[in-house]
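Residue numbers (my numbering): 38 to 397. Cβ coordinates follow ideal geometry from the N, Cα and C atoms, glycine included. Remember, predicted model here, so these are calculated numbers, not experimental data. Below: one structure, written as structure tokens.
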Amino acid sequence: MKLNIAVLPGDGIGPEVIAQAVKVLKAIAMEFNHVFTFHNALVGACAIDKSGDPLPEETISICKKADAILFGAIGKTSYDLDPYAKVRPEQGLLKLRKTLDLYANIRPVIAYEDLLTKSSLKKTQIKDTDILIYRELTSGIYFGEKTLSEDGNIASDICEYTRDEVERIAHLAFKAAQSRKRKLTLVDKANVLESSRLWRRVVQELAPQYPDVKLRYMYIDNAAMELIINPKQFDVILTENMFGDILSEEASVIVGSIGLLASASIGKDHAMFEPIHGAYTKAANKGIANPIASILSAAMLLDHFGLDDEAALIREAVDKSLKLHITTPDLNTKYDNITTTKVGDFIEDFINNPDETNLN
Ligand code: IPM
Numbered sequence: 038m039k040l041n042i043a044v045l046p047g048d049g050i051g052p053e054v055i056a057q058a059v060k061v062l063k064a065i066a067m068e069f070n071h072v073f074t075f076h077n078a079l080v081g082a083c084a085i086d087k088s089g090d091p092l093p094e095e096t097i098s099i100c101k102k103a104d105a106i107l108f109g110a111i112g113k114t115s116y117d118l119d120p121y122a123k124v125r126p127e128q129g130l131l132k133l134r135k136t137l138d139l140y141a142n143i144r145p146v147i148a149y150e151d152l153l154t155k156s157s158l159k160k161t162q163i164k165d166t167d168i169l170i171y172r173e174l175t176s177g178i179y180f181g182e183k184t185l186s187e188d189g190n191i192a193s194d195i196c197e198y199t200r201d202e203v204e205r206i207a208h209l210a211f212k213a214a215q216s217r218k219r220k221l222t223l224v225d226k227a228n229v230l231e232s233s234r235l236w237r238r239v240v241q242e243l244a245p246q247y248p249d250v251k252l253r254y255m256y257i258d259n260a261a262m263e264l265i266i267n268p269k270q271f272d273v274i275l276t277e278n279m280f281g282d283i284l285s286e287e288a289s290v291i292v293g294s295i296g297l298l299a300s301a302s303i304g305k306d307h308a309m310f311e312p313i314h315g316a317y318t319k320a321a322n323k324g325i326a327n328p329i330a331s332i333l334s335a336a337m338l339l340d341h342f343g344l345d346d347e348a349a350l351i352r353e354a355v356d357k358s359l360k361l362h363i364t365t366p367d368l369n370t371k372y373d374n375i376t377t378t379k380v381g382d383f384i385e386d387f388i389n390n391p392d393e394t395n396l397n
């Protein structure tokens, strides 16, 4: 298969972790006789530094022409500390999601057997957790009208949803549940928010089309607690933009490190794959960033094109690296010299030679 992949490493640890994902995709292409071509483009703080724009036109054009996009991370401490900045790195990512209409963000949360002790939660609590979060990504409070009064003392962000926006992602979540344990939990705040009541009405109306899926509802505050107390009760979670952002980051505690969580952002015409973690500027260029979330995002990219064996081989390599403790310091307790690149090298070697790879 020929794939034209836009690569947007972004800021902070983004370039380091994405370099590993690209390396792994190149190894897959070699092993399975595919032709993957990569086109780099700027987004975020590095794009602001170069052109003043967090999402330059050239980047949009490269992404539109690509079959898929691999995205690293964005953000920079100087912007985090400046609530007055009008141009911000995050605007690049948000505009990209909106421009390409990447409305469904899919975030798997799987507790690895070999990492059960790395979580701050009890082993028995998290063992066998396997959740798929469907987060709406192009609407809600992130994209509603924003206002700031002239004196700077009153600000608002509108949370607005349309029926169509809810329906399209709800269909995807129902279908995903059908292919799994057939349980769907809609997470909202319908006891307070009108927009949440729209979500409930729409999802309730669609439910008869999926009679084999057991649908239930949970308020976000309760879900935040239940996700920690008993994560195994969840199969597919469907939720709006901001609740999904917060809940998925919380879910990383189950897995042991946010450096492990991958995601796919899917629309009708485009697809982007990105780790859920941020730019983690403090860790940049130290070789300590965990590349697994990016590498697993690359596996999700392959899933998207039906390259199942290829994606499975990456996951097998990741499992092996975790089993052998070939992990960055966020997880590692056994060796203290495993860098970002070393993890990528191990996974690359495993793909080239699955039977012979060991730590040497
Ligand atoms: C994420 C991130 C982004 C979000 C930020 C960087 C805008 O937290 O992808 O989860 O809030 O969507």
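Inter-residue Cα distance where the pair is residue i and residue j
i	j	result
T199	W236	9 Å
V224	P245	19 Å
G89	K226	38 Å
N397	I375	In this prediction, N397 scores a pLDDT of 47, lower than 50, which makes its location untrustworthy; the coordinate-derived value is nonetheless stated afterwards. So the alpha carbons of these two residues sit roughly 12 Å apart.
V203	T370	43 Å
L131	I168	25 Å
N41	T175	24 Å
F75	V146	28 Å
P93	L79	7 Å
F271	S232	23 Å
K155	Q241	38 Å
A56	I303	22 Å
V239	D201	9 Å
R217	V273	8 Å
Q215	T166	18 Å
V380	L153	20 Å
G324	V54	9 Å
D382	Y149	21 Å
L344	V61	14 Å
N259	S289	18 Å
N327	D346	24 Å
A66	I384	14 Å
N267	R219	18 Å
R352	F342	16 Å
S157	A261	16 Å
K319	Y372	22 Å
N70	T114	42 Å
Closer than 6 Å: residue i CB and nearest the ligand IPM heavy atom
i	result
E127	yes
L209	no
D282	yes
L130	yes
Test item: CB-CB of residue i and residue j under 7 Å
i	j	result
A330	D340	no
K102	V72	no
A64	N390	no
E286	L264	no
L275	L252	no
A58	A321	no
E173	E68	no
I111	A43	no
G47	P91	no
I291	H314	no
K183	D194	yes
D86	L359	no
Presumed contact (8 Å Cβ cut-off) between residue i and residue j, rounded CB distance
i	j	result
T364	T377	The pair is not a contact, with the Cβ atoms about 10 Å apart (cut-off 8 Å).
V413	L333	This structure gives no information on residue 413, because the portion of the chain shown stretches from 38 to 397.
Y317	I50	5 Å
L45	G109	6 Å
G293	L368	6 Å
P126	A82	4 Å
Y171	A141	6 Å
L350	R144	At roughly 22 Å, the Cβ-Cβ gap does not stay under 8 Å, so L350 and R144 are not in contact.
C196	L230	7 Å
Y254	N228	Wrong, their Cβ atoms sit about 10 Å apart, outside the cutoff.
K305	D138	6 Å
Checklist entry - Contact between the segment 280–300 and the segment 161–179: three or more CB pairs below 8 Å? => result yes
Item to check | the segment 208–216 touching the segment 238–255, judged by at least three CB pairs closer than 8 Å | outcome: yes
Checklist entry - With a cut-off of 8 Å, do at least 3 Cβ pairs link the segment 302–310 to the segment 131–141? => result yes
Checklist entry - Quick one: any contact between the segment 150–168 and the segment 113–123, if contact means 3 or more CB pairs under 8 Å? => result no
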